[in-house]
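Numbering (full-length UniProt numbering), first residue to last: 1 to 382. Step one of this worksheet: look at the structure below.
Printed below as a string of structure tokens:
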């Protein structure tokens with residue numbers, strides 16, 4: 001039997017009054033729940049058990065009703081992504097095209113920062129002032145190998161300063177202006193660098209000939225160079241600091257010793273110029289001209305015991321010196337021969353030479369006195 005066929009078929013309830021009554025009843029129930037809710041001694045609520053039971057009952061039901069909603073949302077997103085894939089692809093391509101320059105710039109800055117960190121980490125022993133520069137021009141030919149760097153006399157650069165990078169020695173400064181300097185590489189035909197072999201400490205001269213691997217000339221000592229030996233700056237002549245890495249030795253096709261330069265391991269774009277002229281600048285001149293023992297203080301005066309010991313030592317040294325002098329005088333007297341006086345010379349008997357026999361014709365007369373000389377003989381004697 002339908003509702004309209006029952007006894008309430010003619011019952012008419014105004015909708016507004018019904019809604020008002022329901023709202024009042026709901027508000028009254030809510031107020032009653034708020035008033036009756038009390039906090040338990042353990043900090044919970046008096047309706048905690050009822051709320052927990054309601055949540056445990058409605059949780060699975062809510063999950064069941066929420067699953068279709070989630071499925072519908074996923075399907076809607078899939079369909080929307082499928083129909084809008086073309087526009088999304090266009091947007092992503094535009095973003096990639098916009099970000100590519102930033103990516104390239106970031107990579108370049110990363111490389112530059114790495115080079116700067118390597119250059120700033122260079123240290124020499126002893127410390128030598130340096131200035132960082134960048135190669136702005138490159139001149140290459142069959143013989144000429146040179147570069148221009150963007151520092152000059154305003155930064156303290158002078159002719160003869162060595163130029164290095166993070167790998168080793170590159171060349172030397174041969175010309176300077178206010179803001180630009182000319183650097184001749186080790187491979188230039190005008191380059192002459194005194195070097196040494198790290199393993200044997202043998203000296204040699206590194207000579208550029210226009211090729212990528214300069215020659216080792218005037219090597220001192222037979223067998224002092226082997227393939228793979230590290231070549232360093234020797235510092236001979238005072239033009240370069242000692243010990244700057246240059247390269248490794250290798251045998252050339254022509255049979256001569258050549259050097260594979262460390263500087264060829266990377267681009268020669270960022271360099272450091274050593275503000276080095278001679279070894280005299282590595283030490284303070286005032287330290288060289290300081291008087292001897294200038295830093296020592298005066299010793300305190302000796303006490304009585306120390307004074308007595310010093311006096312005894314001095315007396316012993318004096319007595320030893322006097323005894324040695326007396327022994328020297330006695331030895332001198334013993335070595336001197338006795339002196340002869342005139343009286344002793346007269347008392348000494350005169351030794352006469354025995355007379356030589358004469359021929360009979362020249363024999364003196366018997367009447368001749370023994371003291372008479374042949375010149376005093378009588379005239380009648382023959």
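All C-beta atoms in this analysis are idealised placements derived from N, C-alpha and C, irrespective of residue type, glycine included.
Inset, instruction - Tell me residue 217's beta-bridge partners as DSSP assigns them. - result: 205
Legend entry - Own chain, CB closer than 6 Å to residue 265, minus 5 neighbours either side, in chain order: 167
Inset, instruction - Please say whether residue 195 and residue 273 have beta carbons closer to each other than 8 Å? - result: no
Inset, instruction - Enumerate in chain order the residues of its own chain whose CB-to-CB distance from residue 275 is below 8 Å, with the five nearest sequence positions on each side excluded. - result: Here the set comprises 128, 129, 130, 131, 156, 157, 158, 161.
Inset, instruction - To the nearest angstrom, report how far apart residue 224 and residue 133 are at their CA atoms. - result: Straight-line Cα distance between these residues: approximately 36 Å.
Legend entry - Nonlocal neighbours in the same chain, by C-beta distance under 6 Å from residue 52, ignoring five residues either side: none
Legend entry - Local conformation of residue 171 per DSSP, three classes: strand
Legend entry - Residues bridged to residue 131 (per DSSP): Answer by DSSP bridge pairing, in chain order: 273.
Legend entry - Local Cβ density within 10 Å of residue 183, reported as buried at 16 or more and exposed below that: Residue 183 comes out buried.
Legend entry - Buried versus exposed call for residue 243 [16 or more other C-beta atoms within 10 Å across all chains shown]: exposed
Legend entry - Residue from 245, 270, 240, 326 whose Cα sits closest to the Cα of residue 136: Closest by alpha carbon: 270.
Inset, instruction - Look up residue 194 in the DSSP assignment and say whether it is helix, strand or coil. - result: In the structure shown, residue 194 sits in a strand (DSSP, three-state: E or B).
Legend entry - First through last residue of the beta strand (DSSP E) which encompasses residue 247: 245-251
Inset, instruction - Quick one: residues in its chain with C-beta nearer than 6 Å to the C-beta of residue 147, no 5 flanking neighbours on either side, listed in chain order? - result: 135, 138, 183
Inset, instruction - Could you pull the start and end residues of the alpha helix (DSSP H) that residue 327 belongs to? - result: Residue 327 -> alpha helix (DSSP H) spans 304-335.
Legend entry - For residue 226, the nearest candidate out of 303, 263, 256 (CA to CA): 256
Inset, instruction - Name the two residues that bound the continuous beta strand (DSSP E) containing residue 155. - result: Looking at the DSSP string, residue 155 is not in any beta strand (DSSP E), and its letter there is neither H nor E.
Inset, instruction - Verify whether the separation of the beta carbon atoms of residue 232 and residue 245 is less than 8 Å. - result: Yes, the Cβ-Cβ distance between residue 232 and residue 245 is below 8 Å.
Inset, instruction - Count the other C-beta atoms from every protein chain shown that fall within 10 angstroms of the C-beta of residue 58, then say buried if there are 16 or more, exposed otherwise. - result: Residue 58 comes out exposed.
Inset, instruction - Could you give the DSSP three-state label for residue 240: helix, strand or coil? - result: DSSP places residue 240 in coil when its eight states are reduced to three.
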